[in-house]
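Q: In the working numbering, the protein residues as written are 97 to 336.
Here a beta-carbon is modelled for each residue, glycine too, at the ideal position from N, C-alpha and C.
Take a look at this one; I'll ask things after.
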Amino acid sequence: MKYINARDILPENILKQLQTYAAGTLLYVPKEGEEKSWGEVSGYRAYLLKRNKMILNFFQYGVSLDEISNAYGLSEETVKKIVYNKKNRAELPFRPEVSSAEEYAECGLLEEWVHSYLLFERKNTEFSNGLYLEDRYFIGPVKMPLTLFHRSSGPEEQMKWRVDATVFWHRVKDWTERIADGETTPPLIIGYADGEFEINCGNPLFEALTHIGRESYSVIIWITQRTDYEDFREKYGDFE
């Protein structure tokens, strides 16, 4: 397909409007009567949905318009149109709890929920950035037996990530009390590779759940390799 500079064929007033919404973007203009838009066929519409949801979540958590504009390479006016759109603001508000993750998953936005949780609630930018380095499979939230998992973080010497004992057990106590009070809780975020699980986010919550005798709990599984994904589905697909 040959690309044409819009400046060469569009009237000035239309060009200015187009620059407001999609400056520097390659656009496909569908023929009249075309059943499916290019965006539906190419996946671009799904990309915009995911991008706009993250932009809205960033804004709702206090990130400035200027910072969002720079991060996504968009004009500040375009960002404003996204974050001040009443329909966008009313749909899928982010909450750090299982039910919110389920709502996002139903809309194909589970990965966006994970990044929102890591960035806004856990302040774990390093983990979020790491997940972005490669395409990942995200499964869940799904209830799985807690006996399948083991902590990877804590004060014990064998832990992959060592945490001060006072800090760790204080967090466990806090989660235990919140569960007893009936507060909503987030899913555990767990990696799967080479047939092994690793709790990446939620080790104190996991400890609290096992301490009170909970047998199963909602988790989000992320997987990098296709072979690991197929292995997980073969072994644990019944839990999905």
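What is the DSSP secondary structure of Arg232, counted as helix, strand or coil?
A: Here Arg232 sits in coil by DSSP.
Q: Can you list the alpha helix (DSSP H) stretches of 4 or more residues lying completely in the region 278–326, in chain order?
A: List check, alpha helix (DSSP H) in window: 299–307.
Q: Please state whether DSSP places Met255 in a helix, a strand or coil.
A: Residue state, collapsed to three classes: coil.
Q: Based on Cα-Cα distance, which residue from His246, Asn153, Trp209 lies nearest to Phe293?
A: The option with the nearest alpha carbon to Phe293 is His246.
Q: Who does Gly250 pair with in a DSSP beta bridge?
A: Answer by DSSP bridge pairing, in chain order: Arg258.
Q: Using a threshold of 8 angstroms, state whether the C-beta atoms of Ile286 and Asn296 are closer than that.
A: Taking 8 angstroms as the Cβ cut-off, Ile286 and Asn296 qualify as a contacting pair.
Q: Return the residue from the list Phe302, Asn153, Leu106 that minimises the CA-CA distance to Leu244.
A: For Leu244, the nearest C-alpha among the options comes from Phe302.
Q: Just to confirm the assignment, what range does the alpha helix (DSSP H) spanning Glu199 have?
A: Here the alpha helix (DSSP H) through Glu199 covers 194–202.
Q: Specify whether the region 195–203 and the region 257–268 touch according to this definition: at least 3 beta carbon pairs, one from each stretch, less than 8 angstroms apart.
A: Contact between the region 195–203 and the region 257–268 is absent, because fewer than three Cβ pairs lie under 8 angstroms.
Q: Identify whether Lys239 lies in helix, strand or coil by the three-state DSSP scheme.
A: Correct three-state label for Lys239: strand.
Q: Alpha carbon to alpha carbon, how far is Ser314 from Thr306?
A: Roughly 13 angstroms between the two C-alpha positions.
Q: Whole angstroms are fine: how far does the CA of Trp209 sit from the CA of Lys183?
A: Their backbone Cα atoms lie some 19 angstroms apart in a straight line.
Q: Using the beta-carbon count (16 or more within 10 Å), is Lys219 buried or exposed?
A: The residue in question, Lys219, is exposed, as its Cβ has fewer than 16 Cβ neighbours within 10 Å.
Q: Between the Cα of Thr174 and the Cα atoms of Leu152, Glu273, Gln156, Leu188, which residue gives the shortest distance?
A: The residue with the shortest Cα to Cα distance from Thr174 is Leu152.
Q: Using a Cβ-Cβ cutoff of less than 6 angstroms, which residues in the same chain neighbour His341 once the five nearest sequence positions on both sides are dropped?
A: Outside the shown range of the chain, which is 97 to 336, sits residue 341, and nothing can be said about it.
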